[in-house]
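Numbering (this note's numbering), first residue to last: -9 to 235.
Ideal placement from N, C-alpha and C gives every residue a C-beta, glycine not left out.
Comments concern the structure below.
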């Protein structure tokens, strides 16, 4: 079974991220579940029904449903990202759902409408948010998965890149994180470039890659990482936390 993450969106949701005009570090966590969906309407309907249930209305986590536009050979068509404010919140939310009839009904519908392809746990280590668009339905992202051979060299170069003029000019946001558990996926870290729509995303990516800042970054990390995969994703639904953990 292939293990290809997210995210997040990934468009990564900014529900728990610091949204400002500077590179910032965070200690947020998430789970990404990829599915091969056979009945998209049923998946959307079941998510909306659960979020309107008693359990869903008392939810301390952020959730996003992501449509996978392009991801190579993986059969996954959609992804659900769940964002947690802390590691303790992961176990507390799992225990809460395990006792919920609402959750059981939601899972039954999902099993009838989608086949799980992979899952992973991730953390967000760094963010550069120029425009807070990641949590908007329709926002599009380019997720790059990498395997680090020299983590300290890579993170130093990434920190410099996130503080560069090229990163400051991105009409959206850049997120950097680590894969904590990804099964057979060899990727150890990820970078997610997010914009309001596909045109803005492709333009931002091309402009950044043509910059001197990116050329310096690419030279710095040439022997520190290898690219594992790259995918395009679009946010379909988002649900912000309804209660504090």
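Problem - Alpha-carbon to alpha-carbon, residue 224 and residue 131 - result: 6 Å
Exercise for the section: Report yes or no: do the region 70 to 89 and the region 50 to 59 share at least 3 C-beta pairs separated by less than 8 Å? Expected result: yes
Handout entry: Own chain residues within Cβ distance below 6 Å of residue 143, not counting five before or after
Key = 214
Problem - Opposing strand residues paired with residue 104 [DSSP bridges] - result: 27
Exercise for the section: Measure from the alpha carbon of residue 146 to the alpha carbon of each residue in 82, 196, 208 and 128, then state which is nearest. Expected result: 208
Handout entry: Meets three-Cβ-pair contact criterion under 8 Å: the region 105 to 112 and the region 84 to 97
Key = no
Practice task
Starting from the C-beta of residue 94, find all residues in its chain whose C-beta is less than 7 Å away, skip the five residues before and the five after it, and write them out in chain order.
Solution key: none
Problem - Range covered by the beta strand (DSSP E) that runs through residue 56 - result: 52 to 60
Problem - CB of residue 24 within 7 Å of CB of residue 79, strictly - result: no
Handout entry: Close beta carbons around residue 140, own chain, < 6 Å, minus the five adjacent residues each side
Key = 214
Practice task
Compare the C-alpha of residue 160 against each of 199, 221, 47 and 100 and name the closest.
Solution key: 199
Handout entry: residue 158 - DSSP class collapsed to helix/strand/coil
Key = helix
Practice task
Classify residue 233 as buried or exposed, calling it buried when 16 or more other Cβ atoms lie within 10 Å of its own Cβ.
Solution key: exposed
Practice task
Would you kindly check if the distance between the Cβ of residue 162 and the Cβ of residue 189 is under 7 Å?
Solution key: no
Practice task
Using the Cα positions of residue 113 and residue 119, report the straight-line distance between them to the nearest angstrom.
Solution key: 17 Å
Handout entry: Expected contact under 8 Å - CB spacing of residue 138 and residue 178 to nearest Å
Key = 5 Å
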